[in-house]
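Numbering (the working numbering), first residue to last: 1129 to 1584.
Cβ coordinates follow ideal geometry from the N, Cα and C atoms, glycine included.
A quick write-up on the structure given underneath.
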Ligand code: FHN
């Protein structure tokens, strides 16, 4: 790690740490993904029929994430279908959802067009099992959302469960109504499902909802390179600028990687990647899940992820009435307040040139065999050409010292740009005399400006 500090100070360019672009990147990819690298923060929405039972089946709570209720309780297709006539989200307000994303400082929205339960949340001509044809709602909320996002300059994208579809005999995952997955694959049922429903529906969502910024594929069970390539071709043929997220399947050339759910790497990670994350413990609404994170935790995670080179895709799970739960709204407004003053250190920023502040590996591993890190939470750093940003989570009192020995031309807090702070340098470190009190109760952001030449 020491070597990394020395390297950081010697490097001619702070932007040399940029996690996104790689040297062998094509110009087409760079152009397609530029907005996403700038955006850094997006809203994920899991909304579907599962919001009706909201975690409870036949009067009993069902363990696990809400959108998996059909699978966890092994609900037969014919019974689960009965949820559709009960789904009438009359309080749904696309403008309010898009406004919440904007207020939180989120730059893109990704919503479940079809989750594993197989129910399409858009007006599909491929299958009548969709919100327009099978519910009393008789509206296409995706049309409304794409318009509300466009109005606010928020990019709009779709989640689509390409492999798992518990409603279809050939879809993966439902082995309580239908054959085993292996047999579906072997007997040709899977390809029949892919070609008869999933692929045509992906065509629909790429055709009827304006520019789609990305398709978020998920759980690629039994997806071969050849099957994944079919989806990729559909996306690129219909909307060449649309990104393909990391979970499409093996051998694909997706545009960026997805970390595991709620997983944040312990160190800076190269390449383009995103952490999808929940606000409580579920993605789809569950009435008994009140295990809400705190706004300060979300702000920390946002800084942590960006300082490691990633994007943060943060989920809300609206109710069957069409309302984003109040605690989610409140938290996102708090994050938005912080972003209003401090978003400059997030949007388009590159990762930390340091690393020691992030924490250190322990000898423990998680259930996916990933090394667990002891995460330090004092401060996080991001960079832009000529600037180092420090989000200070533990206010150290009078002085803030960082292992930076390059030239500093100016220091100030983002919340008080006109007040220059005194800088001293000794022993390969920079010390800034902080203002009398923190400028934000969660994280005050300090900027060190370095000569422009240093970033060239
Ligand atoms: O099975 C899904 C789950 O329901 C949810 O959609 C998450 C979001 O990343 N993806 C899968 C599990 O990784």
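The continuous stretches of beta strand (DSSP E) do not include residue 1548, and DSSP gives it neither H nor E. Residue state for residue 1188 is assigned as strand, using DSSP reduced to three classes. Around the beta-carbon of residue 1219, fewer than 16 other beta-carbon atoms lie within 10 Å, marking it exposed. Residue environment: residue 1372 is assigned as buried (16 or more neighbouring CB atoms within 10 Å of its CB, all protein chains considered). Taking C-beta atoms as the reference points, residue 1230 and residue 1280 count as a pair closer than 7 Å. Spatial neighbours of residue 1500 in its own chain (CB-CB distance under 7 Å, excluding positions within 5 residues in sequence) are listed in chain order as 1490, 1492, 1493, 1494. Restricted to the stretch 1321 to 1345, the alpha helix (DSSP H) segments that are unbroken, complete and at least 4 residues in length are 1327 to 1335, listed in chain order.
If you check the CB distance, residue 1173 and residue 1444 come in under 7 Å. Under the three-state reduction of DSSP output, residue 1502 falls in the strand class. Counting along the chain, residue 1458 sits inside the alpha helix (DSSP H) bounded by residues 1454 to 1470.
When secondary structure is reduced to three states using DSSP, residue 1225 falls in the helix class.
No Cβ-Cβ contact shorter than 7 Å links residue 1295 with residue 1233.
Only residues of its own chain outside the window of five on either side were considered, and among them 1246, 1299 have a CB closer than 6 Å to the CB of residue 1293, listed in chain order. The beta-bridge partner set that DSSP reports for residue 1242 consists of 1248, 1288. Residue 1479 is classed as buried because its beta carbon has at least 16 other beta carbons within 10 Å across all chains shown. If you check the C-beta of residue 1347 against the ligand FHN, you find a heavy atom less than 6 Å away. Inclusion of residue 1389 in the 6 Å shell around the ligand FHN follows from its C-beta lying nearer than that to a non-hydrogen atom of the ligand.
Counting the other Cβ atoms within 10 Å of the Cβ of residue 1508 gives 16 or more, which makes it buried.
In terms of side-chain proximity, the C-beta atom of residue 1195 is found nearer than 6 Å to a non-hydrogen atom of the ligand FHN. Judged by DSSP secondary structure, residue 1351 falls outside any alpha helix (DSSP H); it is assigned neither H nor E. The stretch 1391 to 1410 makes contact with the stretch 1479 to 1488, as at least three CB pairs between them are under 8 Å. If you draw a straight line from the Cα of residue 1547 to the Cα of residue 1539, it comes to about 9 Å. Taking C-alpha positions only, residue 1450 is separated from residue 1437 by approximately 34 Å. Secondary structure of residue 1173 (DSSP, three-state): strand.
In this structure, the CA atom of residue 1504 is about 6 Å from the CA atom of residue 1485.
The C-beta of residue 1567 has 16 or more other C-beta atoms within 10 Å across all chains shown, which makes the residue buried. Each residue's CA atom was taken as its position, placing residue 1268 and residue 1524 some 52 Å apart.
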